[in-house]
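Counting from -19, one number per residue, gives the positions in the sequence shown under this note's numbering. Think of the CB as a built atom: it goes at the ideal place given N, C-alpha and C, for glycine as much as any other residue. Here is the structure we will look at, set down as structure tokens.
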Amino acid sequence: MPEHRIGTREEWQVARDELAKLEAEQAERNEEITRTRRDLPWVRVEKEYVFDTEDGKKTLAELFDGRSQLLAYNIMFGPDYTLGACPGCTSLGDGIDGSLVHLRHRDVTLLCFSRAPVERLTAYKRRMGWQFPYVSTYNSDFAFDFGLALTEEQAQQIPEVKEMIDNPPD
């Protein structure tokens, strides 16, 4: 374990007060970013996207499940992944089920989607014990059209993505 400076209580308090100022500045910046994101213009979706689900094919409108809002999270699980999704995405997925009832009471449907075939997503969902809706964009342009998937050529041009393709997480 690396050496760490040991100081007095007073030194700690001065450093902690300085950190608190930085944290307050960061919180203010985060609020600004949140306001900017909230103010982004909406885009009319005119293309008829169809997704593969456990219950068969559904349109984007049907994914709303009768609610006025849809919150969709892209879990990075590519068509070529063999064991499962991105570990970070999987960790986030583990915390979703508890939010579902609260979101539904606020007229929000939450679901996750990935580019792998729906059969593989369903098997992974069962393995992980997830209950949230998990749909596939494998047979759809949705992920590409919204910048959530890359063509093979695009992926090879981004070093971090190329590394993930060459050495998948599973």
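Query, Result
"Local Cβ density within 10 Å of LYS27, reported as buried at 16 or more and exposed below that", "exposed"
"Element boundaries [beta strand (DSSP E), containing ASP87]", "Counting along the chain, ASP87 falls outside any beta strand (DSSP E), and DSSP gives it neither H nor E."
"For LYS38, the three-state DSSP class (helix, strand or coil)", "strand"
"Among TYR29, ALA4, THR62 and GLY68, nearest to PHE124 - alpha-carbon criterion", "TYR29"
"Proximity to LEU156 [Cα-Cα], best of MET56, LEU83 and ARG106", "What the structure shows of the chain is the stretch from -19 to 150, and residue 156 is not part of that stretch, so it cannot be assessed."
"Helix, strand or coil at LEU2 [DSSP, three-state]", "helix"
"Bounding residues of the beta strand (DSSP E) (the contiguous stretch that carries LYS23)", "The amino acid at residue 23 is misidentified as Lys; the sequence shows Val. Per DSSP, VAL23 belongs to no beta strand (DSSP E) and is neither H nor E."
"Nearest-angstrom beta carbon gap, PRO97 and SER116 [assumed within contact, 8 Å]", "6 Å"
"Coarse secondary structure for GLN134, derived from DSSP in three states", "helix"
"Close-in-space but distant-in-sequence residues of the same chain around ASP180 (CB under 7 Å, 5 per side omitted)", "The chain is shown from -19 up to 150; residue 180 falls before or after that span and cannot be answered."
"Of the residues GLU(-9), ALA129 and TYR104, the one placed nearest THR62, counting alpha carbons only", "TYR104"
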